Amino acid sequence: ASNQNQKSYSHCSSYVLEYLLWVFTPLAVVFILPFVIVILIYLSILFLHVYKRKNQLREAYCNNLWDGARKTLATLWDGHGAIWHGYEIHGMEKIPDQGAALIVYYHGAIPIDYYYFLANVIIQKGRPCHSVADHLLFKIPGFKLLLEVFSVIHGPQEECVRALRSGHLLGISPGGVREALFSDETYPLVWGKRTGFAQVAIDSQVPVIPMFTQNVREGFRSLGTLRFFRWLYERFRLPIAPVYGGFPVKFRTFLGDPIPYDSNINAAELAEKVQRAVQSLIDQHQQIPGNILRALLERFHSKHKER
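With UniProt numbering, the residue at position 211 of the sequence shown is 211, and numbering never jumps.
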(Lines of atoms letter the chains of each structure in order from A and count residues from 1; the text may use other names and numbers.)
(Lines give C-alpha, C1' and ligand atoms only; values in the text may rest on other atoms or scores of the structure.)
Protein backbone atom coordinates (compact mmCIF):
# COMPACT_ATOMS: atom_id res chain seq x y z
CA ALA A 1 0.00 0.00 0.00
CA SER A 2 2.87 2.29 0.86
CA ASN A 3 4.54 1.65 -2.51
CA GLN A 4 1.29 2.29 -4.30
CA ASN A 5 0.88 5.61 -2.45
CA GLN A 6 4.43 6.65 -3.37
CA LYS A 7 3.82 5.79 -7.03
CA SER A 8 0.57 7.67 -6.97
CA TYR A 9 2.26 10.71 -5.36
CA SER A 10 5.12 10.58 -7.89
CA HIS A 11 2.65 10.33 -10.77
CA CYS A 12 0.67 13.26 -9.38
CA SER A 13 3.81 15.41 -8.96
CA SER A 14 4.92 14.62 -12.49
CA TYR A 15 1.52 15.59 -13.79
CA VAL A 16 1.60 18.89 -11.86
CA LEU A 17 5.07 19.71 -13.21
CA GLU A 18 4.01 18.96 -16.76
CA TYR A 19 0.95 21.13 -16.29
CA LEU A 20 3.00 24.02 -14.89
CA LEU A 21 5.46 23.76 -17.78
CA TRP A 22 2.56 23.71 -20.23
CA VAL A 23 1.10 26.83 -18.64
CA PHE A 24 4.25 28.90 -18.04
CA THR A 25 6.42 28.02 -21.05
CA PRO A 26 4.39 30.17 -23.45
CA LEU A 27 4.42 33.01 -20.89
CA ALA A 28 8.18 32.74 -20.48
CA VAL A 29 8.68 32.78 -24.24
CA VAL A 30 6.37 35.77 -24.60
CA PHE A 31 8.29 37.81 -22.01
CA ILE A 32 11.87 36.63 -22.74
CA LEU A 33 11.89 36.93 -26.54
CA PRO A 34 11.26 40.69 -26.57
CA PHE A 35 14.26 41.17 -24.26
CA VAL A 36 16.41 39.07 -26.60
CA ILE A 37 15.33 41.27 -29.50
CA VAL A 38 16.10 44.42 -27.52
CA ILE A 39 19.57 43.08 -26.67
CA LEU A 40 20.18 42.29 -30.34
CA ILE A 41 19.09 45.81 -31.30
CA TYR A 42 21.46 47.36 -28.79
CA LEU A 43 24.31 45.13 -29.95
CA SER A 44 23.56 46.31 -33.49
CA ILE A 45 23.75 49.94 -32.34
CA LEU A 46 27.04 49.23 -30.60
CA PHE A 47 28.39 47.68 -33.80
CA LEU A 48 27.38 50.82 -35.71
CA HIS A 49 29.28 52.97 -33.19
CA VAL A 50 32.39 50.92 -33.91
CA TYR A 51 31.79 50.90 -37.67
CA LYS A 52 31.32 54.68 -37.70
CA ARG A 53 34.87 55.04 -36.42
CA LYS A 54 36.42 52.27 -38.52
CA ASN A 55 38.73 54.66 -40.41
CA GLN A 56 40.01 56.12 -37.16
CA LEU A 57 40.58 52.63 -35.80
CA ARG A 58 42.42 51.51 -38.93
CA GLU A 59 44.70 54.54 -38.73
CA ALA A 60 45.32 54.00 -35.00
CA TYR A 61 46.34 50.37 -35.54
CA CYS A 62 48.70 51.41 -38.33
CA ASN A 63 50.52 53.79 -35.99
CA ASN A 64 50.77 51.66 -32.88
CA LEU A 65 49.22 48.43 -31.66
CA TRP A 66 48.27 49.84 -28.26
CA ASP A 67 46.93 53.07 -29.79
CA GLY A 68 44.59 50.95 -31.86
CA ALA A 69 43.59 48.85 -28.86
CA ARG A 70 42.92 51.96 -26.76
CA LYS A 71 40.80 53.53 -29.47
CA THR A 72 38.85 50.30 -30.01
CA LEU A 73 38.04 49.97 -26.31
CA ALA A 74 37.28 53.70 -26.13
CA THR A 75 34.80 53.29 -28.97
CA LEU A 76 33.10 50.38 -27.20
CA TRP A 77 32.86 52.33 -23.92
CA ASP A 78 31.60 55.40 -25.75
CA GLY A 79 28.91 53.27 -27.39
CA HIS A 80 27.93 51.76 -24.05
CA GLY A 81 27.67 55.22 -22.48
CA ALA A 82 25.56 56.53 -25.35
CA ILE A 83 23.19 53.55 -25.28
CA TRP A 84 22.84 52.90 -21.55
CA HIS A 85 23.12 56.40 -20.10
CA GLY A 86 22.64 58.80 -23.02
CA TYR A 87 26.05 60.08 -21.96
CA GLU A 88 26.94 63.71 -22.67
CA ILE A 89 29.98 65.89 -21.97
CA HIS A 90 29.64 69.65 -21.53
CA GLY A 91 32.82 71.69 -21.74
CA MET A 92 35.08 69.28 -23.60
CA GLU A 93 36.73 72.29 -25.25
CA LYS A 94 38.31 73.05 -21.85
CA ILE A 95 40.49 69.95 -22.17
CA PRO A 96 43.66 71.04 -24.01
CA ASP A 97 44.53 69.38 -27.31
CA GLN A 98 48.17 69.49 -26.25
CA GLY A 99 49.97 70.04 -22.98
CA ALA A 100 49.34 69.00 -19.41
CA ALA A 101 46.38 69.53 -17.10
CA LEU A 102 45.13 67.97 -13.88
CA ILE A 103 41.48 66.84 -13.99
CA VAL A 104 39.90 66.59 -10.52
CA TYR A 105 36.56 64.78 -10.31
CA TYR A 106 33.86 63.62 -7.89
CA HIS A 107 34.05 59.84 -7.34
CA GLY A 108 30.80 57.88 -7.72
CA ALA A 109 30.17 54.50 -6.09
CA ILE A 110 31.53 53.06 -9.34
CA PRO A 111 33.29 55.71 -11.45
CA ILE A 112 31.85 54.50 -14.74
CA ASP A 113 31.32 58.13 -15.78
CA TYR A 114 35.08 58.63 -15.58
CA TYR A 115 35.58 55.66 -17.94
CA TYR A 116 33.23 57.31 -20.44
CA PHE A 117 35.16 60.55 -20.03
CA LEU A 118 38.48 58.78 -20.72
CA ALA A 119 36.95 57.21 -23.82
CA ASN A 120 35.84 60.61 -25.13
CA VAL A 121 39.26 62.15 -24.49
CA ILE A 122 40.86 59.39 -26.57
CA ILE A 123 38.29 59.74 -29.37
CA GLN A 124 37.81 63.51 -29.48
CA LYS A 125 41.26 64.72 -28.46
CA GLY A 126 43.29 61.87 -29.90
CA ARG A 127 45.31 61.51 -26.71
CA PRO A 128 45.16 59.31 -23.61
CA CYS A 129 44.61 60.61 -20.10
CA HIS A 130 46.69 59.16 -17.28
CA SER A 131 44.77 58.24 -14.12
CA VAL A 132 45.48 57.77 -10.43
CA ALA A 133 43.82 54.73 -8.86
CA ASP A 134 43.73 53.10 -5.44
CA HIS A 135 46.43 50.51 -4.75
CA LEU A 136 43.77 47.80 -4.35
CA LEU A 137 43.05 47.98 -8.07
CA PHE A 138 46.58 46.83 -8.78
CA LYS A 139 46.04 43.68 -6.69
CA ILE A 140 43.13 42.39 -8.78
CA PRO A 141 44.31 39.38 -10.85
CA GLY A 142 44.46 40.06 -14.57
CA PHE A 143 44.25 43.86 -14.32
CA LYS A 144 47.95 44.58 -14.84
CA LEU A 145 47.90 44.83 -18.65
CA LEU A 146 44.76 46.97 -18.70
CA LEU A 147 46.25 49.40 -16.17
CA GLU A 148 49.50 49.61 -18.13
CA VAL A 149 47.85 50.23 -21.50
CA PHE A 150 45.65 53.00 -20.08
CA SER A 151 48.47 54.59 -18.06
CA VAL A 152 46.93 54.06 -14.62
CA ILE A 153 49.32 54.78 -11.76
CA HIS A 154 49.22 54.17 -8.02
CA GLY A 155 49.69 57.83 -7.29
CA PRO A 156 52.92 58.76 -5.48
CA GLN A 157 53.28 62.53 -5.91
CA GLU A 158 56.59 62.16 -7.71
CA GLU A 159 55.06 59.91 -10.37
CA CYS A 160 52.10 62.26 -10.84
CA VAL A 161 54.43 65.22 -11.26
CA ARG A 162 56.53 63.25 -13.73
CA ALA A 163 53.46 62.47 -15.87
CA LEU A 164 52.32 66.11 -15.90
CA ARG A 165 55.78 67.49 -16.64
CA SER A 166 55.91 65.10 -19.59
CA GLY A 167 52.88 66.91 -21.02
CA HIS A 168 50.19 64.37 -20.20
CA LEU A 169 46.67 64.82 -18.88
CA LEU A 170 46.15 63.33 -15.43
CA GLY A 171 42.84 62.49 -13.72
CA ILE A 172 42.50 62.16 -9.96
CA SER A 173 39.71 61.99 -7.39
CA PRO A 174 40.81 63.36 -4.00
CA GLY A 175 37.89 61.53 -2.36
CA GLY A 176 38.90 58.18 -3.86
CA VAL A 177 37.55 55.00 -2.27
CA ARG A 178 36.32 56.88 0.80
CA GLU A 179 34.10 59.12 -1.34
CA ALA A 180 32.95 56.16 -3.43
CA LEU A 181 31.80 54.24 -0.33
CA PHE A 182 30.63 56.94 2.07
CA SER A 183 29.16 59.70 -0.05
CA ASP A 184 25.44 59.35 -0.84
CA GLU A 185 22.54 60.82 -2.84
CA THR A 186 23.17 64.23 -1.21
CA TYR A 187 26.58 64.28 -2.96
CA PRO A 188 28.89 65.43 -0.14
CA LEU A 189 32.56 65.71 -1.04
CA VAL A 190 34.59 63.39 1.18
CA TRP A 191 38.05 64.89 0.73
CA GLY A 192 39.03 65.48 4.32
CA LYS A 193 42.19 67.60 4.46
CA ARG A 194 43.86 66.09 1.41
CA THR A 195 46.12 68.54 -0.38
CA GLY A 196 48.50 66.17 -2.20
CA PHE A 197 46.74 66.64 -5.53
CA ALA A 198 47.06 70.43 -5.18
CA GLN A 199 50.78 70.14 -4.42
CA VAL A 200 51.16 68.02 -7.57
CA ALA A 201 49.51 70.79 -9.64
CA ILE A 202 51.76 73.43 -8.04
CA ASP A 203 54.94 71.42 -8.54
CA SER A 204 53.98 70.72 -12.16
CA GLN A 205 52.77 74.31 -12.78
CA VAL A 206 49.66 73.08 -14.60
CA PRO A 207 46.00 74.18 -14.56
CA VAL A 208 43.37 72.21 -12.64
CA ILE A 209 40.09 71.34 -14.38
CA PRO A 210 37.16 70.46 -12.05
CA MET A 211 34.73 67.77 -13.19
CA PHE A 212 31.38 66.39 -12.02
CA THR A 213 28.85 63.98 -13.55
CA GLN A 214 25.16 64.56 -12.97
CA ASN A 215 23.23 61.55 -11.55
CA VAL A 216 26.36 59.41 -11.07
CA ARG A 217 25.02 58.37 -7.62
CA GLU A 218 21.74 57.31 -9.17
CA GLY A 219 23.50 54.97 -11.59
CA PHE A 220 25.17 53.04 -8.77
CA ARG A 221 24.70 53.35 -5.02
CA SER A 222 26.73 52.07 -2.10
CA LEU A 223 25.65 50.74 1.29
CA GLY A 224 28.83 52.17 2.78
CA THR A 225 26.83 54.67 4.83
CA LEU A 226 25.74 51.80 7.08
CA ARG A 227 27.75 51.90 10.32
CA PHE A 228 29.11 48.34 10.01
CA PHE A 229 30.73 48.89 6.61
CA ARG A 230 32.16 52.24 7.71
CA TRP A 231 33.72 50.55 10.78
CA LEU A 232 35.07 47.74 8.62
CA TYR A 233 36.83 50.17 6.32
CA GLU A 234 38.21 52.41 9.05
CA ARG A 235 39.41 49.43 11.11
CA PHE A 236 40.80 47.10 8.39
CA ARG A 237 40.82 49.28 5.24
CA LEU A 238 38.53 46.78 3.52
CA PRO A 239 36.35 48.51 0.89
CA ILE A 240 33.73 45.77 0.78
CA ALA A 241 30.51 47.78 1.15
CA PRO A 242 27.95 46.32 -1.29
CA VAL A 243 27.20 48.38 -4.40
CA TYR A 244 23.90 48.06 -6.25
CA GLY A 245 22.34 49.64 -9.31
CA GLY A 246 23.44 49.78 -12.92
CA PHE A 247 20.30 51.81 -13.64
CA PRO A 248 20.18 53.43 -17.12
CA VAL A 249 19.89 56.96 -15.75
CA LYS A 250 20.96 60.08 -17.61
CA PHE A 251 24.64 60.97 -17.23
CA ARG A 252 25.97 64.43 -18.06
CA THR A 253 29.59 65.26 -17.31
CA PHE A 254 30.39 68.92 -16.70
CA LEU A 255 33.87 70.39 -16.92
CA GLY A 256 34.43 73.64 -15.07
CA ASP A 257 36.70 76.51 -16.04
CA PRO A 258 40.39 75.66 -15.64
CA ILE A 259 42.02 77.02 -12.49
CA PRO A 260 45.36 78.37 -13.71
CA TYR A 261 48.67 77.88 -11.96
CA ASP A 262 49.32 80.60 -9.41
CA SER A 263 52.70 80.77 -7.71
CA ASN A 264 51.25 82.94 -4.94
CA ILE A 265 49.02 80.29 -3.33
CA ASN A 266 49.98 77.19 -1.38
CA ALA A 267 48.63 73.63 -1.61
CA ALA A 268 45.99 74.10 1.10
CA GLU A 269 44.62 77.22 -0.59
CA LEU A 270 44.56 75.59 -4.01
CA ALA A 271 42.87 72.45 -2.63
CA GLU A 272 40.14 74.61 -1.08
CA LYS A 273 39.72 76.51 -4.36
CA VAL A 274 39.37 73.29 -6.35
CA GLN A 275 36.92 71.86 -3.81
CA ARG A 276 34.75 74.97 -4.14
CA ALA A 277 34.85 74.62 -7.93
CA VAL A 278 33.69 70.97 -7.85
CA GLN A 279 31.04 71.83 -5.25
CA SER A 280 29.83 74.64 -7.50
CA LEU A 281 29.33 72.14 -10.35
CA ILE A 282 27.32 69.91 -8.00
CA ASP A 283 25.19 72.82 -6.79
CA GLN A 284 24.53 74.00 -10.32
CA HIS A 285 23.80 70.72 -12.06
CA GLN A 286 22.57 68.20 -9.47
CA GLN A 287 19.20 68.17 -7.73
CA ILE A 288 19.67 67.23 -4.07
CA PRO A 289 18.86 64.64 -2.93
CA GLY A 290 19.35 62.56 -6.04
CA ASN A 291 16.38 60.48 -7.15
CA ILE A 292 16.66 57.36 -9.32
CA LEU A 293 13.21 57.71 -10.92
CA ARG A 294 13.80 61.37 -11.78
CA ALA A 295 17.22 60.52 -13.22
CA LEU A 296 15.60 57.81 -15.37
CA LEU A 297 12.98 60.25 -16.66
CA GLU A 298 15.75 62.66 -17.65
CA ARG A 299 16.65 60.20 -20.41
CA PHE A 300 13.60 61.55 -22.22
CA HIS A 301 14.57 65.23 -21.89
CA SER A 302 16.12 66.49 -25.08
CA LYS A 303 17.65 69.61 -23.47
CA HIS A 304 19.70 70.04 -20.34
CA LYS A 305 18.21 72.46 -17.87
CA GLU A 306 20.62 74.05 -15.41
CA ARG A 307 19.41 74.17 -11.85
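Just so you know, even glycine gets a beta-carbon here, dropped at the ideal spot from N, CA and C. Fair warning: this is a prediction, and the values are worked out from it, not measured in the lab.
Quiz item: Nearest CA to the CA of Gln214: which residue from Gln279, Ala271, Glu159 and Ala198?
Solution: Gln279
Quiz prompt | Burial state of Cys129 (16 or more Cβ within 10 Å) | solution = buried
Practice problem: Using 10 angstroms around the beta-carbon of Lys144, count the other beta-carbons present and answer buried if the total reaches 16, otherwise exposed. | Solution: exposed
Exercise. Give a yes or no on whether the C-beta atoms belonging to Val121 and Leu169 are separated by under 8 Å.
Key: yes
Quiz item: Taking contact to mean at least 3 C-beta pairs separated by less than 8 Å, is the stretch 96-105 in contact with the stretch 43-62?
Solution: no
Quiz item: alpha helix (DSSP H) containing Phe229: first to last residue?
Solution: Arg227 to Phe236
Quiz prompt | Sequence-distant residues of its chain with Cβ nearer than 6 Å to Gly171 (five each side left out) | solution = Ile103, Cys129 and Ser131
Practice problem: Note down, in chain order, each residue of its chain lying with its Cβ closer than 6 Å to the Cβ of Val117, except the 5 sequence neighbours on either side. | Solution: Looking at the sequence provided, one finds Phe at residue 117 rather than Val. Here the set comprises Thr253.
Quiz item: Can you name, in chain order, every residue of its own chain whose Cβ lies under 7 Å from the Cβ of Gly196, other than the five neighbours on each side?
Solution: Gln157
Quiz item: Which runs of the beta strand (DSSP E) fall wholly inside the stretch 176-235 and span at least 3 residues, in chain order?
Solution: 208-214 and 220-222
Practice problem: State the start and end residues of the unbroken alpha helix (DSSP H) segment that holds Ala69. | Solution: Leu65 to His85
Practice problem: Quick one: residues in its chain with C-beta nearer than 6 Å to the C-beta of Asp203, no 5 flanking neighbours on either side, listed in chain order? | Solution: Val161
Quiz prompt | Residues of its chain near Pro258, where Cβ-Cβ distance is below 8 Å and the 5 sequence neighbours each way are ignored | solution = Lys94, Ala101, Pro207, Val208 and Ile209
Quiz item: Using 8 Å as the threshold, is the stretch 41-48 in touch with the stretch 108-116, meaning 3 or more CB pairs across them?
Solution: no
Practice problem: Classify Val243 as helix, strand or coil using the three-state DSSP reduction. | Solution: strand
Exercise. Please go through the same chain and pick out, in chain order, the residues whose beta-carbon is closer than 6 Å to the beta-carbon of Glu18, but skip the five residues on each side of it.
Key: none
Quiz item: Do Pro248 and Trp84 come within 8 Å of each other at the CB atom, strictly closer than that value?
Solution: yes
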